[in-house]
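**Student:** Quick mapping for you: the protein sequence lines, in order, are chains X and S.
Residue numbering for the first sequence follows the working numbering, beginning at -7 and increasing consecutively.
Residue numbering for the second sequence follows the working numbering, beginning at -7 and increasing consecutively.
Have a look at this one.
There are 2 protein chains.
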Amino acid sequence: MNCELCITPGGTVLWQDARCRVVQVEEPGYPGFCRVIWNAHIREMSDLSKADRAHCMRIVFAVERVLRKTMNPDKINLASLGNMVAHVHWHVIPRFADDPHFPQPIWGMRQRPGIAARPDTDFAGLATALAAELKNIN
Amino acid sequence: MNCELCITPGGTVLWQDARCRVVQVEEPGYPGFCRVIWNAHIREMSDLSKADRAHCMRIVFAVERVLRKTMNPDKINLASLGNMVAHVHWHVIPRFADDPHFPQPIWGMRQRPGIAARPDTDFAGLATALAAELKNIN
């Protein structure tokens, strides 16, 4: 097995527990982009136990709540694709009307050349907010 | 309010309950593509109550299980975007290595001109399988 999400964290870890981790994604034009990565090599959400699946989604929605509170995006995009890396991970992406692809998905056609003038994510602040939001998650 | 998911079903309904519906999506090259649409006009998953959010995800994962069983795809893609129609809906997409965009998201760059030779979805069969899978969901 040579899965990059098994052998690397997949980004700077903002929060983690025994089952999964939240990492920051460095994607130009997409401040606040996070991924929730299941620690074990699981291919599909329906391969998780019911309890683990619910836990994974609680983390995804906690990240959504924190990103909404801290960044006030126009929309949140959630996606679990895994066509290239078939190891459960969720993209949690704050979207803004003036971001490079809006209203297209970030994987779609670029809509504008520039990157919206928006402060870089305060990842330390995000990690602190996540820790508070997820304190009583289990 | 002029939301198309409020004023139309958004596709042929395969299953529904009081809170949400599963519709078939007619997308060339993507047999079995379904959407789970929340009935009420809710913008983000984190705007739902905890119980409603869990219900919504149980339906999404039930659709995933049924599509895996009936179509044996190489991967399942799940996404809640809503940049154009900001009314909670989930794309549940069976992906195949020879489909038009694989391994890209279906919103990305097309990878091959043809449509994989694959039988059309048996939607009546899918509706029956969904009914069985979702019989005891609540």
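Built from N, CA and C at the ideal position, the CB exists for glycine as well.
1. Considering only residues of the same chain and omitting the five flanking positions on each side of Arg60(X), which have a CB-CB separation below 7 Å?
2. Classify Thr113(X): buried if its beta carbon has 16 or more other beta carbons within 10 angstroms, exposed otherwise.
3. Determine the chain X residues that contact Lys67(S) at a beta-carbon separation under 9 Å, and present them in chain order.
4. Within 10 Å of its beta-carbon, does Cys26(S) have 16 or more other beta-carbons around it, so buried, or fewer, so exposed?
5. With three or more beta-carbon pairs closer than 8 Å as the criterion, would you say the segment 27 to 41 of chain X touches the segment 12 to 28 of chain S?
6. Can you tell me which of the three DSSP states His47(S) falls into?
7. Under the DSSP definition of a beta bridge, which residues are partnered with Pro86(X)?
8. Inspect the beta-carbon positions of Ala10(X) and Val58(X) and report whether they are closer than 8 Å.
9. Give, in chain order, every residue of the segment 84 to 107 of chain X whose Cβ lies closer than 8 Å to some Cβ of chain S.
10. Output, in chain order, the set of chain X residues within a Cβ distance shorter than 8 Å of Glu56(S).
11. Pull up the distance between the alpha-carbon of Thr4(X) and that of Ile29(X), whole angstroms please.
12. Measuring alpha carbon to alpha carbon, tell me which of His93(S), Pro97(S) and Leu(-3)(S) ends up nearest His83(X).
13. State yes or no: is the beta carbon of Phe53(X) nearer than 8 Å to at least one beta carbon in chain S?
14. To which residues does DSSP link Thr4(S) through a beta bridge?
15. Count the other C-beta atoms from every protein chain shown that fall within 10 angstroms of the C-beta of Pro86(X), then say buried if there are 16 or more, exposed otherwise.
16. Can you tell me where the beta strand (DSSP E) holding Cys(-5)(S) begins and where it ends?
17. Are the CB atoms of Ile(-1)(S) and Ile51(S) nearer to each other than 8 Å?
18. Of the residues Arg35(X), Met63(X) and Ala71(X), which one's Cα is nearest the Cα of Met49(S)?
19. By how many angstroms is the C-alpha of Phe88(X) removed from the C-alpha of Gly117(X)?
20. Which residue's Cα is closest to the Cα of Met76(S): Tyr22(X), His79(X), His93(X) and Ala43(X)?
21. Which term fits Arg102(X), buried or exposed, when burial requires 16 or more other beta carbons within 10 angstroms of its beta carbon?
22. In this structure, how does DSSP classify Arg27(S) when only helix, strand and coil are distinguished?
23. With burial defined as no fewer than 16 other Cβ atoms inside 10 Å of the residue's Cβ, what is the status of Pro65(S): buried or exposed?
24. For Arg60(X), return the contacting residues in chain S, with the cut-off set at a CB-CB distance below 9 Å.
**Tutor:** For this structure:
1. Ile68
2. buried
3. Arg35, Glu36, Leu73, Gly74, Asn75 and Ala78
4. buried
5. no
6. helix
7. In the DSSP output, where bridge partners are listed per residue, Pro86(X) has Ile68(X).
8. no
9. Arg87, Phe94, Pro95, Gln96, Pro97, Trp99 and Gly100
10. Glu36, Met37 and Ser38
11. Going by C-alpha positions, Thr4(X) is about 12 Å away from Ile29(X).
12. Pro97(S)
13. yes
14. For Thr4(S), the beta-bridge partners assigned by DSSP are Gln16(S).
15. Result: buried.
16. Careful: Cys(-5)(S) lies outside any beta strand (DSSP E) and carries neither H nor E.
17. In this structure, Ile51(S) does not lie closer than 8 Å to Ile(-1)(S) by Cβ.
18. Ala71(X)
19. 20 Å
20. His93(X)
21. exposed
22. strand
23. buried
24. Glu36 and Ser38
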